[in-house]
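Quick note, the sequences are listed as chains L and A, same order.
Per the UniProt record's numbering: the first sequence = residues 1 to 243.
Per the UniProt record's numbering: the second sequence = residues 1 to 263.
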Amino acid sequence: MKTAMLLVVTVLMLWQGIIWLGDMPPFLLPSPAAVLDALWINRAEIARHAGFTLAEVALGFTLGATLGAALAVAMGFSQKLTGVLRPILTFSQTIPVFALAPILTLWLGFGMAPKIAMTVLIVFFPVASAFLDGLMRTPQAALDLAQVMGAGRVRIMRHLRIPAALPGLATGLRLAAVYAPIGAVIGEWVGGARGLGALMIHANGRMKTDLVFAALLVLSVLTVIFAKAVAIALHRLLGRYGV
Amino acid sequence: MTAAARVRGRAWVGETPLFAPVDLALTPGGWTCLLGPSGVGKSTLLRLIAGLETGARFQGKVTRDRPVALMAQDPGLIPWLDVTGNVTLGARLRGTLRASFVPKYPGGRASGPDQGPDARGAKPPATAAARAAHLIQAVGLADRAHHLPANLSGGQRQRVALARTLFEDRPLVLLDEPFSALDARTRAQMQELAARLLDTRTVLLVTHDPAEAARLGDRILLLRETGLTEWPAPSPRPQGGARPYDAPEVLALQTELMRGMMA
Numbered sequence: 001m002k003t004a005m006l007l008v009v010t011v012l013m014l015w016q017g018i019i020w021l022g023d024m025p026p027f028l029l030p031s032p033a034a035v036l037d038a039l040w041i042n043r044a045e046i047a048r049h050a051g052f053t054l055a056e057v058a059l060g061f062t063l064g065a066t067l068g069a070a071l072a073v074a075m076g077f078s079q080k081l082t083g084v085l086r087p088i089l090t091f092s093q094t095i096p097v098f099a100l101a102p103i104l105t106l107w108l109g110f111g112m113a114p115k116i117a118m119t120v121l122i123v124f125f126p127v128a129s130a131f132l133d134g135l136m137r138t139p140q141a142a143l144d145l146a147q148v149m150g151a152g153r154v155r156i157m158r159h160l161r162i163p164a165a166l167p168g169l170a171t172g173l174r175l176a177a178v179y180a181p182i183g184a185v186i187g188e189w190v191g192g193a194r195g196l197g198a199l200m201i202h203a204n205g206r207m208k209t210d211l212v213f214a215a216l217l218v219l220s221v222l223t224v225i226f227a228k229a230v231a232i233a234l235h236r237l238l239g240r241y242g243v
Numbered sequence: 001m002t003a004a005a006r007v008r009g010r011a012w013v014g015e016t017p018l019f020a021p022v023d024l025a026l027t028p029g030g031w032t033c034l035l036g037p038s039g040v041g042k043s044t045l046l047r048l049i050a051g052l053e054t055g056a057r058f059q060g061k062v063t064r065d066r067p068v069a070l071m072a073q074d075p076g077l078i079p080w081l082d083v084t085g086n087v088t089l090g091a092r093l094r095g096t097l098r099a100s101f102v103p104k105y106p107g108g109r110a111s112g113p114d115q116g117p118d119a120r121g122a123k124p125p126a127t128a129a130a131r132a133a134h135l136i137q138a139v140g141l142a143d144r145a146h147h148l149p150a151n152l153s154g155g156q157r158q159r160v161a162l163a164r165t166l167f168e169d170r171p172l173v174l175l176d177e178p179f180s181a182l183d184a185r186t187r188a189q190m191q192e193l194a195a196r197l198l199d200t201r202t203v204l205l206v207t208h209d210p211a212e213a214a215r216l217g218d219r220i221l222l223l224r225e226t227g228l229t230e231w232p233a234p235s236p237r238p239q240g241g242a243r244p245y246d247a248p249e250v251l252a253l254q255t256e257l258m259r260g261m262m263a
């Protein structure tokens, strides 16, 4: 904690120092005090936009995690399906999500849908990939036993493979929780007037750099809180499985 | 007398022969000890009988006329299930034990309806639970029935694995070096316990420990690179027990078996 405080103070001093020494105009680099000022003055507007972003993140995360986990289980059942889908999944990750945002906006309009879709796309891969990895690593001793005990594929999946893979799933979810807001914000940049991303783009256009920084600060804090909440919830729910 | 299980054939790993042509037949009732150094294919033979993947190329025939239960060096306990949950694992995996996704012992189910067989706090069905409780007591873990494997010692974990094997209640039991990771005293105790509890069953014990084979084998088979040799067992094993570890004839047999393995 002490180290963290020291780090924050050091960064703030550097920031302020650059402004003083470099004689920076506020529209290039606003001072920390100016950012806090902008945050306070625009608190109602920022809160409203943050609410939209948070809703998109929560919905997109839930949907993407569900789809990713379901696909991982399906792939865990079938080697053939895994063989077909693995390369497709990897290929899909070579497409920058930034490039997809305008297309999704074109298809899904300016509402929440394209933002949620972007979040789903970002969340999906780490969850599916980490969970599938876990599903493929069930201890052999347990699988041997299950086979000798006469267990069917579905019950082995339900009672052995899925529970044993939950730490892997949790790793994927914790990672996805950090990236999820990026998806939503990229979606907001491209179209629509709501959300922290939209607020940043508009403020940037009007040279209100202090407001951009304020929105960015709120976004970071929201992301940290969201990721922490996901991690705590996972530990509470799945603690006995070693999460 | 027909064999309870029989393996005839040979096996390779890649192009290297794993074992020469063997004919392993298990006499019904009693313990057959398959003794040999590591890497001669003892476990492969056992896995062939169990019907498991071996990783070797086998050419020959495997027959078995009765269902099996398996217990291995790695007890294969499920870390998120307590002792009772692990003992009843087979029933859970066959769907014959009512079990929610989140296991409920200890203290009964944490959620669910207030009444009926699935009620909160309801005990699992009497028969399976009673059998499990009885077996847990038989292996001496009655006071640890609700402990997780992480809170048990190595010997206790093998006791759980033994109770789980007994819960399966199969006439043929395959033991794949089940005690080899235990310290000498715990191993001797486990040998005694297993001999008592598995008394009425046909047992194949795979081991690399001549002392273990000398204590437990009704028949002792030595597997070497050259093939399978039957070794005469000295006196009959005491009913429902192991031979004393310090009896002169057991020690003599142990020495003989060691010589056989070195030859």
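Glycine included, each C-beta is placed from N, C-alpha and C at the ideal position.
Predicted model, so just to flag it, every value in this text is computed and none were measured.
Query - Pairwise C-alpha distance: ILE46 (chain L) and ALA198 (chain L) - result: 11 Å
**Report entry** Inter-residue spacing [alpha-carbon to alpha-carbon] between ALA70 (chain L) and ALA128 (chain L)
**Finding:** 8 Å
Query raised in the report: Out of curiosity, what's the CA-to-CA distance linking LEU14 (chain L) and LEU217 (chain L)?
Result: 17 Å
Report task. Helix, strand or coil for SER111 (chain A), going by three-state DSSP, please let me know. Result -> In this predicted model, SER111 (chain A) has a pLDDT of only 44, less than 50, meaning its place in the structure is not dependable; the value taken from the coordinates is given anyway. Here SER111 (chain A) sits in coil by DSSP.
Requested in this report: Compile a chain-ordered list of the residues in the region 9-31 of chain L whose CB is closer than 9 Å to at least one CB of chain A.
Outcome: none
Query raised in the report: What does ASP74 (chain A) touch in chain L if you count any residue whose Cβ is under 7 Å from its own?
Result: ALA141
Query raised in the report: Would you say PRO114 (chain L) reaches chain A, if we count a Cβ-Cβ gap shorter than 7 Å as a contact?
Result: no
Query raised in the report: Taking 6 Å as the line, does the beta carbon of THR223 (chain L) fall inside it for any heavy atom of the ligand NAP?
Result: As far as ligands go, the structure on display features none, and thus does not contain the ligand NAP.
Query - Residues that ASP210 (chain L) contacts on chain A, provided the C-beta gap is smaller than 7 Å - result: The contacting residues do not exist; ASP210 (chain L) stays about 50 Å from chain A at best.
Requested in this report: Determine the contact status of VAL178 (chain L) and ALA227 (chain L), defining contact as a CB-CB distance below 7 Å.
Outcome: yes
Requested in this report: Counting only the same chain and skipping the five closest in sequence on each side, list residues whose C-beta sits under 6 Å from that of ALA99 (chain A).
Outcome: With a pLDDT of 45 at ALA99 (chain A), under the threshold of 50, the predicted position of this residue should be treated as unreliable, and no value is reported.
Query raised in the report: Are the region 61-71 of chain A and the region 125-142 of chain A touching by the rule of at least three beta carbon pairs closer than 8 Å?
Result: no
**Report entry** Own chain partners of MET24 (chain L) with C-beta closer than 8 Å, once the 5 adjacent residues on each side are dropped
**Finding:** ILE18
Query - Beta-carbon proximity list for residue 292 (chain A), same chain, < 7 Å, skipping 5 on both sides - result: Past the boundaries of the shown model lies residue 292 (chain A); chain A is included only from 1 to 263, so the question cannot be answered.
**Report entry** Exposed unless 16 or more other CB atoms sit within 10 angstroms - verdict on GLY107 (chain A)
**Finding:** With a pLDDT of only 38 at GLY107 (chain A), under the threshold of 50, the placement of this residue in the model should not be trusted; the figure read from the coordinates follows. Burial call: exposed.
Query - Simplified DSSP state of PHE58 (chain A), which is helix, strand or coil - result: strand
Query - Outcome for PRO232 (chain A) when other beta-carbon atoms lying within 10 angstroms are tallied against a minimum of 16 - result: exposed
Query - Inside the region 149-218 of chain A only - alpha helix (DSSP H) runs reaching at least 4 residues - result: 154-168, 184-197, 210-216
Requested in this report: Please confirm if LEU70 (chain A) has its CB atom under 7 Å from at least one CB of chain L.
Outcome: yes
Report task. State the DSSP-derived secondary structure class of LEU141 (chain A), mapped to helix, strand or coil. Result -> coil
Requested in this report: Use the C-beta contact count for ILE41 (chain L): other C-beta atoms within 10 angstroms, 16 or more gives buried, fewer gives exposed.
Outcome: exposed
Query raised in the report: Between the region 216-230 of chain A and the region 23-33 of chain A, are three or more C-beta pairs nearer than 8 Å?
Result: yes
Requested in this report: Check ARG259 (chain A) in the structure and name its three-state DSSP category.
Outcome: helix
Query raised in the report: In whole angstroms, what separates the C-alpha of VAL22 (chain A) from that of HIS134 (chain A)?
Result: 40 Å
Requested in this report: May I ask you to verify whether the region 118-135 of chain L touches the region 155-174 of chain L, counting CB pairs closer than 8 Å and requiring at least 3?
Outcome: yes
Requested in this report: Check whether the Cβ atoms of ALA213 (chain A) and LEU45 (chain A) lie closer than 7 Å to each other.
Outcome: no
Report task. My understanding is that VAL123 (chain L) touches ALA176 (chain L), with C-beta atoms under 8 Å, so please give their C-beta distance in whole angstroms. Result -> 4 Å
Report task. Round the Cβ separation of ASP82 (chain A) and HIS146 (chain A) to the nearest angstrom and send it over; I've been treating them as touching at under 8 Å. Result -> 5 Å
Requested in this report: Note down, in chain order, every chain A residue with its Cβ under 9 Å from the Cβ of GLY242 (chain L).
Outcome: PRO79, TRP80
Report task. Measure the beta-carbon distance from LEU219 (chain L) to LEU234 (chain L) and round it to whole angstroms, keeping in mind my assumption that it falls under 8 Å. Result -> Not confirmed; about 23 Å, so no contact.
Query - Neighbour flag for LEU52 (chain A) against chain L, beta carbons, 7 Å - result: yes
Query raised in the report: GLU15 (chain A) by DSSP, collapsed to three states: which one?
Result: coil
**Report entry** Distance, THR88 (chain A) Cα to ARG164 (chain A) Cα
**Finding:** 7 Å
Query - LEU7 (chain L) versus MET1 (chain L) - alpha carbon distance - result: 10 Å
Report task. Can you have a look at PRO124 (chain A) and say buried or exposed, based on whether 16 or more other CB atoms are within 10 angstroms of its CB? Result -> Because the pLDDT at PRO124 (chain A) is just 46, under 50, the model does not fix this residue reliably, and the point stays unresolved.
Query raised in the report: Between which two residues does the beta strand (DSSP E) containing VAL68 (chain A) stretch?
Result: 68-72
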